[in-house]
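Under this note's numbering, the first residue of the sequence shown carries the number 7, and numbering increases by one thereafter. Below you'll find the structure, written out as structure tokens, and then a few comments.
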Amino acid sequence: MVRFYRPKEIRGIRNLVLGVTEDKKSLSGLTARIPGIQRAIKLGDVTGKLGEINVFYPPSGPIERVILCGLGKGAELEAEEVRKAVGLAVQRAVRLKVREAVFEVGSFCHERLEPVETSRLIVLAGQLASYRYLELKKEQDEDLRRQRFTVSLCIEKKPSILQAVKMAEDTADSVNYARTLANRPGNVLYPEVLAKEAVALAKKDKRIKVKILRHQELRRQGFGALMAVGIGSVRPPVLIDIRYQGASSKQAPVALVGKGITFDSGGISIKPSAKMEEMRFDMSGAAAVLGIIKAAAAMRLPVNLLGVVPAAENMPSGTATRPGDVVTSLSGKSIEIINTDAEGRLILADALTYSLRHKPACILDFATLTGAVIVALGTYATGLLTNCDQMGLDIAEAGNESGEKTWQLPIWDEYRQLMKSEVADIANISSKSGAGTIQGAVFLERFIGDTPWVHLDIAGTAYGDKTPLSPKGATGVGIRLTLAWLLAQKNKHFKYKSNA
Ligand code: BES
Ligand code: ZN
Ligand code: ZN
């Protein structure tokens, strides 16, 4: 919970956080009352450069610590700088075992950043930056594990501010929820556990409905591609159908499809052991979908969402799919599985077919699909591929706004020639190397028809080393972007047309 403190009043504040621009104009009258800061500025020790953190300890008075965080050049101050500065300040505060930090909102504002939006940015960044994955740390005492870090604001409590803060909290809760799901190791979170998580979300909100298709049902209905991936594991695959209804039932839903491989060993085409443990994050797309549904319900977004999560564990065994096996997907198309490690596209093929049956206005999928996207974009941007230019542009814009950057890669005819099979309708990999991310998208596109669709390859952005907003591990990518898009689109009814 965010606590509020009256501006210009320092009563009750123990840890105060101030933003400081290079021109120092962001510092208000408050600083004059805090000894030491002016001198530090005069000495040149506080530069205001973006990312710089200075901690002061006033020798007397109620304030124990002042954390000054550099915002860079005031004239160029944008949302991303505020997010970064707040994230770094919170990480320092957490390291100092601070339990509550009070942000003076005014010092983070600028011409283009008014108090309402700035409050939202601070709370969201602060709650993301203080996230830790601790549920499996058994030696730490209970108090420490439960201890929550509180982001508080020093600003007048107005309805518009309260609304923005609630939006930030709902978003942060969902991103952190998705991070926890993704951070769970493969033995703790497997397909049935994901299904239970979806059921638990539905229990908490009557606008959420969930249906789980299990082994027998998947076989009966012909989910041949999903079954082929899950068949090598003792933990059976599931398909999660989770819906959020926030608008009239006449309104076509937006389909959100998320890759839910709870562990990707590669199957018979087994992966090298170095970094194989990272493949516990291979259900980050699924986590994003559940996170978005959770946030949409909390915010009561006036949209209908159809979440589809195919979940499976990709393992080698005596029952596992062999390279060269041919299976029939839910769409009826036969697929030659040349490489069992290209499994994400297989489970997504069936999930996309399933989602089309519910006539969605458009489809957005999230998948840690290819290592190649890391070669192309590193960990800084999500790969975006689409059959609908306008939808692609809108998603990219939402990405820029929310701080989750995307970059589009093309789907041209030359690439479409690559996935040919000698024996089946399509092969799951091509014989030519290069453009691996596009090859993955070309495969998925064959199962889309002409429904407007954006594919987000989050293999590079779903997990990684520590950043200002995230500790090492899962990032919860995709949720902030999608919420920004849904909010921007809600009155436009997702009227897209595919390029086809
Ligand atoms: N889950 C992986 C993709 C991945 C790689 C995610 C690295 C995160 C980090 C996916 O299932 C996979 O193995 N893809 C193969 C495809 C190839 C066999 C065509 C890849 O990218 O190497
Ligand atoms: Zn794989
Ligand atoms: Zn995978």
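C-beta atoms are modelled at their ideal positions from N, C-alpha and C, and glycine is treated no differently. On a predicted model such as this, the values are computed, not experimentally measured, just so you know.
Discussion item. Contact defined as beta carbons within less than 8 Å: I believe residue 136 pairs with residue 100. What is the distance between those atoms, to the nearest angstrom?
Written reply: 6 Å
Discussion item. Considering only heavy atoms of ligand 4 and the C-beta of each residue, which residues fall inside 5 Å, strictly closer?
Written reply: In terms of ligand content, the structure shown lacks ligand 4 and carries ligand 1, ligand 2 and ligand 3 instead.
Worksheet item: Where does residue 249 sit, in a helix, a strand or coil, going by DSSP?
Response: strand
Discussion item. On a Cα-Cα basis, can you pick out the residue from 225, 260 and 255 that is closest to residue 245?
Written reply: 225
Worksheet entry | Nearest residue (CA-CA) to residue 39, options 351, 67, 61 and 415 | 67
Practice prompt. Kindly indicate the opening and closing residues of the alpha helix (DSSP H) around residue 170.
Written response: 165-189
Item to complete: Counting only the same chain and skipping the five closest in sequence on each side, list residues whose C-beta sits under 7 Å from that of residue 169.
Response: none
Discussion item. Run through the DSSP bridge pairs and tell me what residue 319 is partnered with.
Written reply: 269
Practice prompt. For the alpha helix (DSSP H) containing residue 125, list its first residue and its last residue.
Written response: 121-135
Practice prompt. For residue 293, collect the residues of the same chain with a Cβ closer than 6 Å to its Cβ; drop the 5 residues on either side in sequence, then sort them by chain order.
Written response: 184, 187 and 188
Discussion item. On a Cα-Cα basis, can you pick out the residue from 73, 31 and 119 that is closest to residue 5?
Written reply: Coverage of the chain is limited to positions 7 through 506, which leaves residue 5 absent and any answer about it impossible.
Worksheet entry | Residue span of the beta strand (DSSP E) that contains residue 334, given as start and end | 331-334
Practice prompt. Measure the alpha-carbon distance for residue 359 versus residue 141 and round it to whole angstroms.
Written response: 36 Å
Discussion item. Looking at the strands, I want to know which residues DSSP matches up with residue 313.
Written reply: 248 and 262
Worksheet item: What residue ranges within the segment 406-473 form continuous alpha helix (DSSP H) runs of no fewer than 4 residues, ordered along the chain?
Response: 419-422 and 442-451
Fill in: Check whether residue 92 and residue 132 have beta carbons under 8 Å apart
yes
Item to complete: Output yes or no for whether 8 Å exceeds the beta carbon distance between residue 25 and residue 94.
Response: no
Discussion item. Three Cβ pairs or more, each shorter than 8 Å: is that satisfied between the segment 262-273 and the segment 151-165?
Written reply: no
Item to complete: Select from 413, 397 and 410 the residue whose C-alpha is nearest the C-alpha of residue 457.
Response: 397
Worksheet item: Based on the DSSP secondary-structure assignment, which residues constitute the bridge partners of residue 5?
Response: Nothing can be reported for residue 5, as the shown portion of the chain is limited to 7 through 506.
Worksheet item: Beta carbon of residue 267: closer than 7 Å to some heavy atom of ligand 3?
Response: yes
Worksheet item: Shortest alpha-carbon distance to residue 378 belongs to which of 401, 227, 415 and 313?
Response: 415
Worksheet item: Should residue 431 and residue 446 be called a contact, given that it needs their Cβ atoms to be closer than 8 Å?
Response: no
Item to complete: Return the bridge partner residues of residue 139 from the DSSP annotation.
Response: In DSSP, residue 139 forms no bridge with anything.
Discussion item. Buried or exposed, going by whether 16 or more other CB atoms sit within 10 Å of the CB of residue 116?
Written reply: buried
Worksheet item: Within 7 Å: the Cβ of residue 272 and any heavy atom of ligand 2?
Response: yes
Worksheet item: Grouping DSSP H, G and I as helix and E and B as strand, with all else coil, what is residue 47?
Response: helix
Fill in: Assumed close pair residue 275, residue 347 - CB separation to whole angstroms, cut-off 8 Å
4 Å
Discussion item. At the level of alpha carbons, what is the spacing between residue 234 and residue 197?
Written reply: 15 Å
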